[in-house]
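Scroll down for the structure; my scribbles are underneath it.
Residue numbers (the numbering used here): 359 to 434.
Here it is, written out as structure tokens:
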């Protein structure tokens, strides 16, 4: 009936991913590429509703492997 989480796999580049966060709602995580930005930790940015969205970029060419652990809490 409902989606618990929206994860966006993007190839827009970091700057465009930031704009995407600022102009949308309902995205929880963006994992992006294209700009090959090397990030050791994700950025937390605010969306149009002032909610946190995790934005992370791959460095490119499979040089690094990352892991994101996500915990979902049941809401009554």
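The C-beta atom is built at its ideal place from N, Cα and C for all residues, glycine as well.
Rounded C-alpha distance that separates residue i from residue j
i	j	result
residue 425	residue 417	13 Å
residue 386	residue 422	23 Å
residue 420	residue 370	18 Å
residue 367	residue 388	6 Å
residue 520	residue 401	Within the shown structure, residues of the chain are numbered from 359 to 434, placing residue 520 beyond reach of any answer.
residue 411	residue 434	22 Å
residue 397	residue 432	30 Å
residue 390	residue 415	5 Å
Beta-carbon proximity of residue i to residue j, cut-off 7 Å
i	j	result
residue 375	residue 413	yes
residue 395	residue 372	yes
residue 403	residue 379	yes
residue 377	residue 406	no
Chain D contact for residue i (CB, 7 Å cutoff)
i	result
residue 433	The structure shown has no chain D; it contains just one protein chain.
Residue i: first and last residue of the uninterrupted alpha helix (DSSP H) it sits in
i	result
residue 378	372-381
Extent of the continuous beta strand (DSSP E) to which residue i belongs
i	result
residue 365	365-368
As an exercise, report each continuous beta strand (DSSP E) stretch of at least 3 residues that is fully enclosed by the segment 387-411, in chain order. 387-390 and 401-404
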